[in-house]
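Residue numbers (UniProt numbering), protein chains in the order written: chain V, 1 to 228; chain U, 1 to 228.
Glycine included, each C-beta is placed from N, C-alpha and C at the ideal position.
Structure first, commentary second.
There are 2 protein chains.
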Amino acid sequence: MAHLAHNHTAEDCVELVTIFQSLSEEDTSTVASLVSDKHYESGEYIYQAGDPADALTIVAHGQAKVFQLASNGKEQMLRILQTGDFDGEAALFSNEDRGSFAQALMDTDVCQIKRSDFQKLMKSSPELAVNMVNAFGQRIVQLEQQTTEAATSSVESRLASYLLETGAGLKQDEFELPLKKKDIATYLGTTPETISRKLSSLAKDELIEKKSNTLIKILDADGLAMVE
Amino acid sequence: MAHLAHNHTAEDCVELVTIFQSLSEEDTSTVASLVSDKHYESGEYIYQAGDPADALTIVAHGQAKVFQLASNGKEQMLRILQTGDFDGEAALFSNEDRGSFAQALMDTDVCQIKRSDFQKLMKSSPELAVNMVNAFGQRIVQLEQQTTEAATSSVESRLASYLLETGAGLKQDEFELPLKKKDIATYLGTTPETISRKLSSLAKDELIEKKSNTLIKILDADGLAMVE
DNA sequence: CGCGAAATTGAGAGCAATCAAATGTCGTGG
DNA sequence: CCACGACATTTGATTGCTCTCAATTTCGCG
Chain V
1 MAHLAHNHTA EDCVELVTIF QSLSEEDTST VASLVSDKHY ESGEYIYQAG DPADALTIVA
61 HGQAKVFQLA SNGKEQMLRI LQTGDFDGEA ALFSNEDRGS FAQALMDTDV CQIKRSDFQK
121 LMKSSPELAV NMVNAFGQRI VQLEQQTTEA ATSSVESRLA SYLLETGAGL KQDEFELPLK
181 KKDIATYLGT TPETISRKLS SLAKDELIEK KSNTLIKILD ADGLAMVE
Chain U
1 MAHLAHNHTA EDCVELVTIF QSLSEEDTST VASLVSDKHY ESGEYIYQAG DPADALTIVA
61 HGQAKVFQLA SNGKEQMLRI LQTGDFDGEA ALFSNEDRGS FAQALMDTDV CQIKRSDFQK
121 LMKSSPELAV NMVNAFGQRI VQLEQQTTEA ATSSVESRLA SYLLETGAGL KQDEFELPLK
181 KKDIATYLGT TPETISRKLS SLAKDELIEK KSNTLIKILD ADGLAMVE
């Protein structure tokens with residue numbers, strides 16, 4: 001592999017991202033050649049509202065938050081992009097500007113494919129198109145679950161799920177919270193105060209251990225999954 | 001048009017559904033020939049959990065609810081399928097059985113395309129694939145909005161949005177509520193009692209008028225949109 | 001008309017938001 | 001290296017929205 005590689009990050013993208021998996025070698029090479037990559041420091045904006053939405057953005061390494069500004073000026077978290085996630089769903093095939101912001105939460109490498117290139121790719125590679133529909137279908141299922149959970153579960157339950165997901169994503173049971181509690185709160189649709197209290201509550205129940213301000217250890221994953 | 005028509009419902013599907021729009025005449029005809037159609041009475045199940053998920057289901061006319069059974073046996077509403085909506089996202093490309101139920105809420109005509117036929121279509125028609133990705137992208141955007149709204153808005157605000165959407169979907173400002181209040185409650189993540197109270201509240205504020213038990217008239221759409 | 005389901009209404013309890021204040025953390029500059 | 005300020009977090013007290021439980025009332029349908 002990597003017979004055509006001249007760019008490590010681009011290779012990462014092609015390997016990491018679901019939609020590019022199970023492509024032919026030829027298609028894989030084509031994709032890698034069309035990808036441009038860029039590095040962002042923690043806090044930098046990957047894109048902002050008003051930017052033209054003309055590229056699919058893939059997180060090769062790192063983490064970023066995608067959010068909107070509500071009418072009152074507060075941030076409304078839409079999603080967290082982890083390594084391997086990509087963004088640009090809706091905008092990729094329309095001519096609209098972006099309505100949201102993406103900000104790197106740590107040092108982050110992203111890859112981008114221009115819309116025109118991506119559309120050409122889709123038309124020439126049925127496999128890619130099918131993968132794309134698959135990936136979107138999975139995201140839809142995940143969003144449906146998230147919606148249901150938001151509508152039916154308590155904050156404590158949602159926080160427990162979030163911790164489990166985060167731990168699973170990092171493949172560790174002891175990890176730094178990647179978001180400030182304010183951001184976790186926005187993400188889960190609650191307030192920093194409540195996050196603080198519920199975290200203490202989970203610790204009191206010995207489901208997690210608060211090693212430090214931001215360092216969390218999951219003690220009882222099964223228990224967390226059963227929090228109502 | 002309708003030069004090949006031998007089936008009115010199938011024609012409806014092809015004309016109604018976004019993903020089949022802007023296809024070539026040849027593709028359109030092919031689609032119409034692959035579609036099978038079926039009629040369901042109100043209350044009938046279109047599919048149930050455990051059924052194999054091997055077809056894309058399109059609502060040609062009518063309305064259906066898609067829901068899951070939670071561990072406690074209660075229904076969890078996932079979505080309402082209106083005329084022109086389709087379902088089968090995630091399952092269409094996997095081999096999993098369905099995990100949800102779809103039940104007709106009124107006399108409803110649906111069309112179905114078998115997975116194998118649909119996949120062949122996608123591979124032979126790049127336009128269809130692009131349309132499919134587009135449609136999924138739109139649904140993702142809608143779900144993201146729904147998730148954000150569920151996490152940040154009050155029941156009254158969500159109910160107001162629901163009424164606006166329903167009215168817009170029916171293109172009337174006076175309409176029968178298509179769902180029982182119990183179902184609206186499940187859909188919005190609340191209880192029938194609260195729906196009843198908030199509906200009265202909206203009527204007291206003269207944003208809507210309760211003409212009868214199920215007949216609602218929207219008096220102030222702008223006001224509804226601003227309910228917090 | 002009469003049954004059963006659906007919807008309304010009322011009372012009470014609980015969870016989480018808000019408001020307020022204290023404490024902790026981190027980066028900067030002296 | 002320490003002091004300072006800005007911001008994040010914690011903790012406490014209170015309020016309010018929504019759920020739950022319970023009792024009617026209304027509606028839909030045979």
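| request: Report yes or no: is there a C-beta of chain U within less than 8 Å of the C-beta of Leu4(V)? | output: Caution applies to Leu4(V), whose pLDDT of 44 falls short of 50 and renders its modelled position unreliable; the model cannot decide the point.
| Under a CB-based cut-off of 8 Å, is Glu89(U) close to chain V? | At least one CB atom of chain V sits nearer than 8 Å to the CB of Glu89(U).
| So Ala136(V) is in the beta strand (DSSP E); what residue range does that whole segment cover? | Before going further, note that residue 136(V) is Phe rather than Ala in the sequence given. Boundaries around Phe136(V) are those of the alpha helix (DSSP H), 126–152, since no beta strand (DSSP E) includes it.
| query | So, helix, strand or coil for Phe53(U), using DSSP? | reply | Contrary to the premise, residue 53(U) reads as Ala rather than Phe in this sequence. Shown here, Ala53(U) sits in coil according to DSSP, grouped into three states, outside any helix or strand.
| Contact between the region 220–228 of chain V and the region 149–161 of chain V (3+ Cβ pairs under 8 Å) | Three or more Cβ pairs closer than 8 Å define a contact, and the region 220–228 of chain V meets that threshold against the region 149–161 of chain V.
| message | So for Val17(V), helix, strand or coil by DSSP? | response | Correct three-state label for Val17(V): coil.
| field | Contact with chain V by Val17(U), beta-carbon distance below 8 Å | value | No, Val17(U) does not count as interfacial toward chain V.
| field | Within chain U, partners of Lys123(V) - CB distance below 9 Å | value | Here the neighbours are Pro126, Glu127, Ala129, Val130.
| field | Close-in-space but distant-in-sequence residues of the same chain around Val155(U) (CB under 7 Å, 5 per side omitted) | value | Contacts found: Leu188, Thr190, Thr194, Lys198.
| field | Contacting residues, own chain, Cβ-Cβ under 8 Å from residue 243(U) (five flanking each side not counted) | value | The displayed coordinates of chain U run from 1 to 228. Any statement about residue 243(U) would go beyond what the structure contains.
| message | When you compare the CB positions of Glu41(U) and Ala104(U), do they come within less than 8 Å of one another, or not? | response | Cβ distance < 8 Å, so Glu41(U) and Ala104(U) count as in contact.
| Given Thr108(V), which residues of its chain have a CB within under 6 Å of its CB, disregarding the five upstream and five downstream residues? | Closer than 6 Å at the Cβ level, and outside the excluded window around Thr108(V), lie Tyr40, Gly62, Ala64.
| query | Straight-line CA distance for Gln68(U) to Thr186(U)? | reply | In a straight line, the C-alpha of Gln68(U) is about 11 Å away from that of Thr186(U).
| field | CB contact check: Phe136(V) to chain U, cutoff 8 Å | value | By this cut-off, Phe136(V) is an interface position.
| task | Check the Cβ-Cβ distances between Leu143(U) and every residue of chain V, and say whether any is below 8 Å. | result | Interface flag for Leu143(U) against chain V is set, since a Cβ pair is found closer than 8 Å.
| query | Is Leu81(U) helix, strand or coil when you go by DSSP? | reply | Strand.
| What residues in the region 148–173 of chain U have a beta carbon less than 7 Å from any beta carbon of chain V? | Within the region 148–173 of chain U, the residues whose Cβ lies closer than 7 Å to some Cβ of chain V are Thr148, Ala150, Ala151, Thr152, listed in chain order.
| request: Count the other CB atoms, across all protein chains shown, that sit within 10 Å of the CB of Thr214(V); report buried if there are 16 or more and exposed otherwise. | output: It counts as exposed.
| message | Whole angstroms are fine: how far does the CA of Ser153(U) sit from the CA of Gly167(V)? | response | Their backbone Cα atoms lie some 29 Å apart in a straight line.
| Where does Gln63(U) sit, in a helix, a strand or coil, going by DSSP? | In the structure shown, Gln63(U) sits in coil (DSSP, three-state: anything other than H, G, I, E or B).
| field | N-terminal and C-terminal residue of the beta strand (DSSP E) that Asp37(U) is part of | value | In the DSSP assignment, Asp37(U) falls within the unbroken beta strand (DSSP E) covering 36–40.
| message | Less than 8 Å between the C-beta atoms of Cys111(U) and Thr9(U), yes or no? | response | Contact: yes.
| said: Within the continuous beta strand (DSSP E) that includes Thr108(V), where are the two ends? | reply: First-last of the beta strand (DSSP E) with Thr108(V): 108–114.
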